[in-house]
Structures are given as structure tokens and as C-alpha cells.
Amino acid sequence: MADRTITFTGEGPATAGTRSDEVVLAISPAFADFFSQTIIGLSHADVIRQILAGIEEQEVAARCIRVQHSSDLAVIAHAAARLSGSGIGIGILSRGTSMIHQRDLPRLSSLELFPQSPLMTLETYRQIGSNAAQYAKGESPEPVPTLNDQMARPRWQAKAALLHLKETEQIRKQARPVEVTPQFAEPTSEALGT
0 MADRTITFTG EGPATAGTRS DEVVLAISPA FADFFSQTII GLSHADVIRQ
50 ILAGIEEQEV AARCIRVQHS SDLAVIAHAA ARLSGSGIGI GILSRGTSMI
100 HQRDLPRLSS LELFPQSPLM TLETYRQIGS NAAQYAKGES PEPVPTLNDQ
150 MARPRWQAKA ALLHLKETEQ IRKQARPVEV TPQFAEPTSE ALGT
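This is the structure in C-alpha cells:
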């Protein structure tokens, strides 16, 4: 079965937001570009749709940017938070690893970190969006429940390293973050085999 697809159209340099009710979602250099799925095969389209739905359910605005100069999750998430009118941002890598960040925290700190991308579900991504939106409203939500599997790291480490290497190859060192708009496409009947 064919997956829903997503492309991001660029709209120029990302600027600081002025809305106090927004969350900025920052995607990594290869997200929905060089790669189209997370490390476990969740489509990037479904992941983004869930994060945005979680934000919208809290009646908070969402804005997307692409960070092109780094494949470091903390750098990506902190860039989102710095450009967000509320000071809250989400960063996500192509493999699915995610972070909720706040503008006034040190870059290597975060509000919530989701390092075990092989254990992430679409519901987890929706909850990440919801929690980020609640932080943007000044609330203190319960952290998103996460699974922990001691064997996930050794089982997925080689693939994660390869994905990170490919992600890093997509970096444009001097590039500034750009505003992007997600464009979703549903599978065609031909792709579905009907």
C-alpha cells in the first residue's frame, strides 16, 4: 500500500514570530527530502500530520521551518524555539528523534526529549505536538509517556548511524533556516492498486 506523501515548499528566510500562540516545528535537512520515512518506516507525511494535529487540537498556531545548517537535534529544536513567537519549538530528525525546546533554555537542555526513535508511534508524535502547544499557552503538561527498550539501541544503532551520516551529508553549512509549508498528497488509486 502506498503512503501519503509530503513535500515542503520554501517561502524564504525564517523570521522571528510575533504570535504568542504559535509553535514552530523545525525539520532537519533531509526530512521529507532525501528521506521519506522514519527509522521504523513511519511516513514523514503521517508524522508531520500528527504533530500538527496535536498543536491544532490545543488551538495554537503552527509554523514550519527547515534547518539546513545542522543535523544536531538540539541545534534544530533550539532554532525552532528561538524563532517561535511563544518561545516553544519542536525539532525532528529524519529518523524520527524529536525534542521540544524553549527559547530561554541552554541549547543542550530541553523541555522534553524523545531519543528512542524506533519506539515512537504516530500517537507519540501527536502528543508531542499537543504538549508543545500547551507549553506555548503557559501550561505545564504531563510529559509525553515514552517507551524504553534497553535493546533498541544495539538493535538499531548501525541503521541510526547510517541515517545520521546521510542526514549530515545534506547540510548546507552557511544556510539560514527557511520558512516551509507542508504539502500533503494522498496516494492515487493506481498507487493503491485499484
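Counting along the sequence shown from 1, when you hit position 39 you're at 38 in numbering that gives the first Met the number 0, and nothing is skipped either side.
Each residue gets a CB set at the ideal place from its N, CA and C atoms; glycine is no exception.
Enumerate in chain order the residues of its own chain whose CB-to-CB distance from residue i is below 8 Å, with the five nearest sequence positions on each side excluded.
| i | result |
| --- | --- |
| G53 | Y124, R125, Q126, I127, G128, S129, N130, A131, A132 |
| L121 | L41, D45, V46, Q49 |
| I64 | A13, V23, L24, A25, I26, A78, A79, L82, P176, V177, E178, V179 |
| T37 | H43, V46, S93, R94, G95, S116, M119 |
| T145 | F113, Q115, L118, T123 |
Identify which residue in the options has its Cα closest to the Cα of residue i.
| i | options | result |
| --- | --- | --- |
| T4 | D103, A78, S42 | S42 |
| F113 | W155, I91, S69 | I91 |
| G11 | V66, G84, L104 | V66 |
| T264 | A31, D103, H77, D20 | Any answer about residue 264 is impossible in this case: the structure gives the chain only from 0 up to 193. |
| Y134 | H100, L107, L164, L118 | H100 |
| A73 | A60, G84, G88 | G88 |
| E138 | D2, R154, A15, D20 | D20 |
| P28 | A157, H68, N147 | H68 |
| E56 | R152, K136, A174 | K136 |
| M98 | P105, A76, R154, S85 | A76 |
| A151 | S35, I39, S70 | I39 |
Can you give me the start and stop residues for the alpha helix (DSSP H) that residue i sits inside?
| i | result |
| --- | --- |
| E141 | That residue, E141, is in no alpha helix (DSSP H); it is neither H nor E in DSSP. |
| G128 | 121-135 |
| L82 | 72-82 |
Using C-beta distances below 6 Å, list every residue in its chain close to residue i, excluding the 5 sequence neighbours before and after it, in chain order.
| i | result |
| --- | --- |
| M0 | Since pLDDT at M0 reaches only 43, below the 50 mark, its modelled position is unreliable, and the value read off the structure follows with that caveat. Excluding sequence neighbours, M0 sits near nothing in its chain. |
| E141 | none |
| R62 | E21, V23 |
| Q169 | P28, A29, F33 |
| A184 | T4 |
Along the beta strand (DSSP E) that carries residue i, what are the first and last residues, could you check?
| i | result |
| --- | --- |
| T8 | 4-12 |
Which partner residues does residue i have in the DSSP bridge list?
| i | result |
| --- | --- |
| E21 | A60 |
| E197 | Examination of residue 197 is not possible in this model, given that the chain is present from 0 through 193 alone. |
| G90 | A25, M98 |
| Q267 | The requested residue 267 is not part of the displayed model; the chain covers only 0 to 193. |
Apart from the five residues just before and just after residue i, which ones in its own chain have a Cβ nearer than 7 Å to its Cβ?
| i | result |
| --- | --- |
| D103 | G86 |
**Asked** Taking only runs of the beta strand (DSSP E) that begin and end inside the stretch 159-187, which ones reach a length of at least 3 residues, in chain order?
**Response** With a minimum length of 3 residues, the continuous beta strand (DSSP E) runs that stay inside the stretch 159-187 are 177-184.
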